[in-house]
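**Q** Letter by letter, the sequence shown follows residues -19 to -1, 1 to 74 in mature numbering (1 follows the signal peptide of the UniProt record, and there is no 0).
There's a structure below that I have some questions on.
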Amino acid sequence: MVAIPYQAILTSVLLLVAALPSELGSQPSAVQKHTGQVYEENDYRKVRFVARQKEVNETFAIDLIAEQPVNKVESRVISCDGGGGALGILKCT
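See the structure below:
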């Protein structure tokens, strides 16, 4: 087996990204993640999003947590009694 230097692989990937049509190479990656992460035009990591849609969950956990009101309790232990379905009701013990 012949070892291929990392630099050669990286160069090949960058050349592939540069050769892509602009609508394939940049459009799907234009969606930002909740971290604000955006890839540069010649970044080799953009190859993952070639010819398919970049999926980003637009409902960020930090926003969902901010929407839920805080319930102040005197108890040390809080648990969920189920409450019927996925939206359990807190039970203080």
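Even for Gly, the Cβ is constructed at its ideal location relative to N, Cα and C.
(1) Within 10 angstroms of the Cβ of lysine 53, are there 16 or more other Cβ atoms? Answer buried if so, exposed if not.
(2) According to the Cβ coordinates, are tyrosine 20 and arginine 29 closer than 7 Å?
(3) Over what stretch of residues does the alpha helix (DSSP H) that includes glutamate 48 continue unbroken?
**A** In this structure, then:
(1) Here residue 53 is taken as the residue at index 72 of the sequence shown, counted from 1. Exposure of lysine 53 is indicated by the presence of fewer than 16 other C-beta atoms within 10 angstroms of its C-beta.
(2) Taking the sequence shown and counting its residues from 1, one reaches residue 20 at position 39. Taking the sequence shown and counting its residues from 1, one reaches residue 29 at position 48. At least 7 Å separates the beta-carbon of tyrosine 20 from that of arginine 29.
(3) Position 67 of the sequence shown holds residue 48. Element bounds for glutamate 48: 42 to 48.
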